[in-house]
Amino acid sequence: MADKYLNDPDYLFSILTMLVKKNGGKITITEEEMKNVSTGDLIGMYYEPKTGNLILKEVDAEDMLQATTMAREKSKNDKVYDN
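The numbering of the sequence shown is the working numbering, which starts it at 404 and goes up by one.
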């Protein structure tokens, strides 16, 4: 699951490194931007098998609960990739 990747400091640092490189070598985060992040903010990580892209996106808590329920209901034989 995405949890194992998001709890891995090396993996997270690799994502941060890629984001900095993708943005010309520097990302400035203001104090105000940091204050606007709360523990209730959720980020989902998805893998798109057709393109090989990793997608990080802000998710609504209600949508996250619905996705978790759907994933639990899905049979193991239907699993195509780690999400």
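Built from N, CA and C at the ideal position, the CB exists for glycine as well. The model shown is predicted, which means the values in this text are computed figures rather than measured ones.
In the DSSP assignment, valine 423 falls within the unbroken alpha helix (DSSP H) covering 412 to 425. Between valine 423 and glycine 447, the C-beta spacing is not below 8 angstroms. Boundaries of the alpha helix (DSSP H) harbouring lysine 438: 434 to 438, taken from the DSSP string. In this structure, the alpha-carbon of isoleucine 458 lies about 20 angstroms from that of glycine 443. Isoleucine 430 is not bridged by DSSP to any residue.
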